[in-house]
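Inspection log for the structure reproduced underneath, given as structure tokens.
Structure representation (structure tokens):
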């Protein structure tokens with residue numbers, strides 16, 4: 007099996023499939039063994055999709071001297087992955103694809119003893135905005151109608167999401183607080199299951215990343231009501247934002263590559279060069295557009311500052327969340 | 216018939232030289248990945264996903280689907296020959312496949328598995344072709360209460376079987392359910408039962424880890440103790456004539472299981488969240504329940520091999536349906552396929568059949584071809600696998616041990632899992648020694664993680680009112696049948712007692 011794979015990868019390198027120029031890596035440091043590419047989520051979710059996409063681009067263009075070995079370590083809302091990174095035996099060959107449990111899980115579970123600010127920033131691949139969706143059969147077409155409906159149902163309005171303390175629940179909690187809404191929240195184990203139950207009208211609304219709802223939106227099944235982005239999204243120009251409604255709130259899922267704590271500067275530079283090349287390539291830029299991700303390029307210092315503010319923000323959001331429920 | 220012309224185009228597309236080549240390679244690779252304990256279709260598809268950048272999306276998905284199919288066929292091989300489930304989907308195949316192999320009928324078991332797989336896959340593909348949109352709507356009408364009712368029914372098939380000791384069966388189910396709760400709780404988002412505060416338990420207990428421990432290590436220990444290493448399987452011989460005779464017998468003694476597995480497996484596979492493993496276990500339970508000779512099950516019934524094997528192939532085709540029509544994966548493997556489709560620039564969802572009809576029908580066409588290819592390749596390899604069984608058990612036992620350990624490690628690359636496998640192996644040995652049935656525990660750890668959240672989601676929906684299971688049009692009949700099945704043995708017992716008293 008290994009052999010087959012290698013054979014095919016050899017073919018991949020030799021065919022002119024390259025969507026990207028192969029960057030010449032004439033540096034002091036290069037990986038000596040296969041690179042542990044940890045995914046903070048189970049197979050099939052948004053983070054997994056991105057990790058496999060990135061891996062494919064790297065493999066197809068032969069951008070690393072040793073292969074990336076993706077492993078899903080989604081256990082405990084990413085706790086498994088964070089511990090794996092924290093205790094990495096070989097920091098120079100351990101990198102990870104993140105989502106926002108990168109911030110929330112260490113806050114929610116202090117016993118893990120994970121401080122993400124010790125991790126090594128590699129590349130910010132983009133941020134994924136959140137959107138409020140309803141089913142077209144609900145007859146709701148504006149955010150105002152939605153608010154009215156939720157209030158009218160007095161605690162019987164059912165929304166689904168990926169669980170308390172997860173990204174969408176933070177957004178829903180903010181919305182409920184800002185508008186005094188009483189929502190019945192049903193937790194699911196993944197964004198796909200949530201979208202399916204909205205399509206089947208088992209639940210009445212969701213807050214999802216556009217990528218997870220896109221298929222149903224294009225088929226006219228889902229209606230987007232409100233975006234939690236800073237500005238209107240190019241793919242959904244008619245959907246107002248929370249900011250336009252007068253609340254200074256936006257929320258994104260971080261899609262970043264990070265290195266284990268204690269990674270050497272040489273290794274970090276090597277990976278930055280690789281993933282920055284992936285980031286700039288047509289394949290990734292196309293993915294950003296088609297899945298409605300926003301670019302948010304940052305260098306190392308900016309990323310560290312960003313992490314600090316995100317940890318602070320999440321600490322506040324989560325304590326607000328804990329206070330309500 | 217518009218469908219037929221689409222299908223004809225699809226089959227023609229699948230028959231293009233490059234696609235035929237990919238199907239043959241995919242099926243063969245899948246067969247061996249499936250046969251390796253611990254490695255299943257999920258691993259195969261995930262590992263080979265990046266190379267599909269080389270070919271157009273239509274061919275790429277055909278290749279990956281062929282691996283998926285091949286792995287479903289291959290899973291049965293180590294289940295039968297070694298007694299270690301080759302993949303989680305083939306656990307139920309060990310129940311009867313292994314006893315048949317010990318009786319020297321490995322070839323019968325393998326032939327039955329191959330034919331049942333073929334029938335299951337083909338029946339499912341026909342359903343898929345004819346009723347895709349209808350079935351997608353059916354899948355959507357299954358919310359948490361309906362899924363929970365279905366899980367209850369699955370448990371009921373295992374409790375209400377009769378024959379086995381019922382209190383011990385219930386104990387075994389409860390044991391499995393407790394193991395299933397280890398790790399993170401979806402509903403509260405909090406960790407539970409992180410035993411001894413070992414971080415490895417945060418991930419929960421993987422089903423394949425339990426299955427390898429119980430059936431790989433446990434079975435090996437059992438065989439060693441029972442036979443003192445002097446196991447004599449009647450030397451299996453493979454001749455063309457023998458193969459023909461086995462085929463005839465497989466059809467004659469396995470058609471019932473095949474029929475049940477084909478239909479039930481497909482239905483369960485179509486429902487997102489379930490997938491091929493629950494489908495195959497449920498089919499085994501139902502086949503045993505409605506059999507006239509349930510006592511044959513577990514000691515080498517061809518029906519007991521056919522039902523789960525037909526079901527896992529049928530379910531894997533079924534799981535493609537919500538993936539293609541709704542963009543929602545019905546199994547872990549389709550979740551990765553879905554990721555692949557996004558990578559290729561396709562948007563899975565309700566529009567896919569319209570916008571990318573060539574892609575969809577090419578894939579459906581390839582199901583038919585892949586099934587035929589899998590059957591032929593599998594039959595061709597059977598003599599090789601049977602030949603492995605001629606090794607003396609003193610060589611086979613260490614081999615099983617090593618394969619179990621490697622297989623367990625491959626899934627998550629964690630030493631924690633290896634220790635669990637050893638512990639489960641010892642635990643299973645003692646449970647068997649004290650006559651506790653193991654299959655219900657295995658069933659519980661597969662279904663528990665589906666049943667528990669859906670139960671709690673349903674009760675959240677109804678604000679804690681259990682009548683939600685009796686008032687919804689689809690959930691109600693399923694729940695009622697499940698309850699009757701659970702209570703049936705109790706009624707029988709009561710009647711027998713009364714007869715005794717009166718007599």
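Chains as they are written, first to last, in this note's numbering: chain A, 7 to 331; chain B, 216 to 718.
A virtual CB, placed ideally from N, CA and C, is assigned to each residue, including glycine.
Here's the rule I'm using: 16 or more other beta-carbon atoms within 10 Å means buried, otherwise exposed. How should residue 59 (chain A) be labelled?
Position 53 of the first chain, counting from 1, holds the residue named residue 59 (chain A). Flag for residue 59 (chain A) reads buried.
Along the chain, where does the alpha helix (DSSP H) containing residue 240 (chain A) start, and where does it finish?
The residue you call residue 240 (chain A) lines up with position 234 of the first chain. Residue 240 (chain A) -> no alpha helix (DSSP H), and no H or E assigned at all.
Test item: CB-CB of residue 339 (chain B) and residue 532 (chain B) under 7 Å
By 1-based counting over the second chain, the position of residue 339 (chain B) is 124. By 1-based counting over the second chain, the position of residue 532 (chain B) is 317. Cβ distance < 7 Å, so residue 339 (chain B) and residue 532 (chain B) count as in contact.
Residue 552 (chain B) (DSSP reduced to helix, strand or coil):
As a first step, residue 552 (chain B) is located in the second chain; it is residue number 337 there, counting from the start. Residue 552 (chain B) falls in the helix class under three-state DSSP.
Identify the continuous beta strand (DSSP E) that holds residue 212 (chain A) and give its terminal residues.
By one-based count along the first chain, residue 212 (chain A) stands at place 206. Segment 211 to 214, the beta strand (DSSP E) holding residue 212 (chain A).
Distance, residue 349 (chain B) Cα to residue 570 (chain B) Cα:
The sequence position of residue 570 (chain B) within the second chain is 355, counting from 1. The sequence position of residue 349 (chain B) within the second chain is 134, counting from 1. In a straight line, the C-alpha of residue 570 (chain B) is about 19 Å away from that of residue 349 (chain B).
Give the DSSP-derived three-state secondary structure of residue 259 (chain A) in the structure shown.
Indexing the first chain from 1 puts residue 259 (chain A) at position 253. In this structure, residue 259 (chain A) counts as strand in the three-state DSSP scheme.
Could you run through the region 184 to 213 of chain A and flag, in chain order, every residue whose CB is less than 9 Å away from some CB of chain B?
190, 191, 192, 193, 194, 195, 196, 198, 199, 201, 202, 203, 205, 206, 207, 208 and 209
Backbone CA spacing between residue 234 (chain A) and residue 154 (chain A) [nearest angstrom]:
Here residue 234 (chain A) corresponds to residue number 228 of the first chain, with the count starting at 1. Here residue 154 (chain A) corresponds to residue number 148 of the first chain, with the count starting at 1. Taking the straight line from one Cα to the other gives about 19 Å.
Starting from the C-beta of residue 182 (chain B), find all residues in its chain whose C-beta is less than 8 Å away, skip the five residues before and the five after it, and write them out in chain order.
In the structure displayed, chain B extends from 216 to 718; residue 182 (chain B) sits before or after that span and is not available.
Does any C-beta atom of chain A lie closer than 7 Å to the C-beta of residue 557 (chain B)?
Counted from its first residue, the second chain places residue 557 (chain B) at position 342. Chain A, which has a Cβ nearer than 7 Å to the Cβ of residue 557 (chain B), makes this yes.
Spell out a yes or no on whether the region 144 to 158 of chain A and the region 116 to 128 of chain A are touching, meaning 3 or more CB-CB pairs, one atom from each, closer than 8 Å.
no
Among the candidates A:183, A:128, A:96 and A:296, whose CA atom is the shortest distance from the CA of residue 282 (chain A)?
As a first step, residue 282 (chain A) is located in the first chain; it is residue number 276 there, counting from the start. The candidate whose alpha carbon is nearest that of residue 282 (chain A) is A:128.
How about residue 42 (chain A) and residue 126 (chain A): do their beta carbons lie closer than 7 Å?
Locating residue 42 (chain A) in the first chain gives position 36, where the first residue counts as 1. Locating residue 126 (chain A) in the first chain gives position 120, where the first residue counts as 1. No. Outside cutoff.
Please report the distance separating the alpha-carbon of residue 380 (chain B) from that of residue 398 (chain B).
One-based indexing of the second chain puts residue 380 (chain B) at position 165. One-based indexing of the second chain puts residue 398 (chain B) at position 183. Going from the Cα of residue 380 (chain B) to the Cα of residue 398 (chain B) covers about 30 Å.
Just curious, the alpha helix (DSSP H) that residue 602 (chain B) is in, first and last residue?
Counting from 1 along the second chain, the entry for residue 602 (chain B) is found at position 387. Taken as a continuous stretch (DSSP letters only), the alpha helix (DSSP H) holding residue 602 (chain B) covers 572 to 603.
In chain order, what residues of the same chain have a beta carbon less than 6 Å from the beta carbon of residue 372 (chain B), not counting five sequence neighbours either side?
Position 157 of the second chain holds residue 372 (chain B). Around residue 372 (chain B): 500, 501 and 504.
Spatial distance of residue 255 (chain A) from residue 249 (chain B) (CA atoms)
Numbered from 1 along the first chain, position 249 holds the residue referred to as residue 255 (chain A). Numbered from 1 along the second chain, position 34 holds the residue referred to as residue 249 (chain B). Cα to Cα, the separation comes out at about 49 Å.
In chain A, what lies closer than 7 Å to residue 417 (chain B) by C-beta?
Taking the first residue of the second chain as 1, we reach residue 417 (chain B) at position 202. The contacting residues are 81, 82, 85 and 86.
Flag this pair as yes or no: are the beta carbons of residue 293 (chain B) and residue 492 (chain B) separated by less than 7 Å?
For the purposes of this step, residue 293 (chain B) is taken as residue 78 along the second chain, with counting starting at 1. For the purposes of this step, residue 492 (chain B) is taken as residue 277 along the second chain, with counting starting at 1. The answer is no: Cβ separation not under 7 Å.
Nearest neighbour of residue 217 (chain B), chosen from B:286, B:576, B:700 and B:642 [CA to CA]
To locate residue 217 (chain B), count along the second chain from 1; it is residue 2. Nearest C-alpha to residue 217 (chain B): B:576.
If you check the beta carbons only, do residue 312 (chain B) and residue 295 (chain B) fall under 7 Å apart?
Sequence index remark: in the second chain, residue 312 (chain B) carries index 97 (1-based). Sequence index remark: in the second chain, residue 295 (chain B) carries index 80 (1-based). Yes; because the gap between Cβ atoms is below 7 Å, this pair is in contact.
Kindly indicate which three-state DSSP category residue 231 (chain A) falls into: helix, strand or coil?
Position 225 of the first chain, counting from 1, holds the residue named residue 231 (chain A). It is a strand residue.
Looking at residue 213 (chain A) and residue 138 (chain A), is the spacing between their C-beta atoms short of 7 Å?
Stepping through the first chain from its first residue, residue 138 (chain A) is reached at position 132. Stepping through the first chain from its first residue, residue 213 (chain A) is reached at position 207. It is a contact, given that the beta carbons lie within the stated cut-off.
Hey, could you find the ends of the alpha helix (DSSP H) residue 191 (chain A) is sitting in?
Translated into positions along the first chain, residue 191 (chain A) becomes position 185. Premise fails: residue 191 (chain A) lies in the beta strand (DSSP E), 189 to 193, not in any alpha helix (DSSP H).
Residues within the region 55 to 67 of chain A neighbouring chain B, beta-carbon criterion of under 7 Å
55, 58, 59, 61, 62, 65 and 66
Taking Cβ to Cβ, would you say residue 528 (chain B) is nearer than 7 Å to residue 256 (chain B)?
To locate residue 528 (chain B), count along the second chain from 1; it is residue 313. To locate residue 256 (chain B), count along the second chain from 1; it is residue 41. No.
Please work out which residues of its chain come closer than 7 Å, Cβ to Cβ, to residue 685 (chain B), disregarding the five sequence neighbours upstream and downstream, and give them in chain order.
By 1-based counting over the second chain, the position of residue 685 (chain B) is 470. Closer than 7 Å at the Cβ level, and outside the excluded window around residue 685 (chain B), lie 691 and 694.
Span of the beta strand (DSSP E) holding residue 429 (chain B)?
In the second chain, the residue the question calls residue 429 (chain B) occupies position 214. Careful: residue 429 (chain B) lies outside any beta strand (DSSP E) and carries neither H nor E.
Residue 308 (chain B) and residue 657 (chain B) look like a contact to me (Cβ under 8 Å); what is the Cβ gap, rounded to whole Å?
Walking along the second chain from the start, residue 308 (chain B) turns up at place 93. Walking along the second chain from the start, residue 657 (chain B) turns up at place 442. The pair is not a contact, with the Cβ atoms about 12 Å apart (cut-off 8 Å).
Under the three-state DSSP convention, the category residue 324 (chain A) falls into
Your numbering for residue 324 (chain A) matches position 318 in the first chain. DSSP places residue 324 (chain A) in helix when its eight states are reduced to three.
With DSSP run on the structure shown, which of helix, strand or coil describes residue 28 (chain A)?
In the first chain, the residue the question calls residue 28 (chain A) occupies position 22. Because residue 28 (chain A) carries a pLDDT of 44, less than 50, the predicted location of this residue cannot be relied on, and the following value inherits that uncertainty. Coil at residue 28 (chain A), not helix or strand.
Cβ-based burial, residue 352 (chain B) [other Cβ within 10 Å; buried from 16]:
To locate residue 352 (chain B), count along the second chain from 1; it is residue 137. It counts as exposed.
Neighbourhood of residue 551 (chain B) by C-beta, 6 Å cutoff - its chain only, sequence neighbours within 5 removed:
One-based indexing of the second chain puts residue 551 (chain B) at position 336. Closer than 6 Å at Cβ, skipping near neighbours: 260 and 261.
Kindly give me the distance between the Cβ atoms of residue 285 (chain B) and residue 244 (chain B), rounded to whole angstroms, as I take these residues to be in contact under 8 Å.
Within the second chain, residue 285 (chain B) is the residue found at index 70, counting from 1. Within the second chain, residue 244 (chain B) is the residue found at index 29, counting from 1. Confirmed, Cβ separation roughly 7 Å.
In whole angstroms, give me the CA-to-CA distance for residue 716 (chain B) and residue 388 (chain B).
One-based indexing of the second chain puts residue 716 (chain B) at position 501. One-based indexing of the second chain puts residue 388 (chain B) at position 173. Using only the alpha carbons, I get a separation of about 32 Å.
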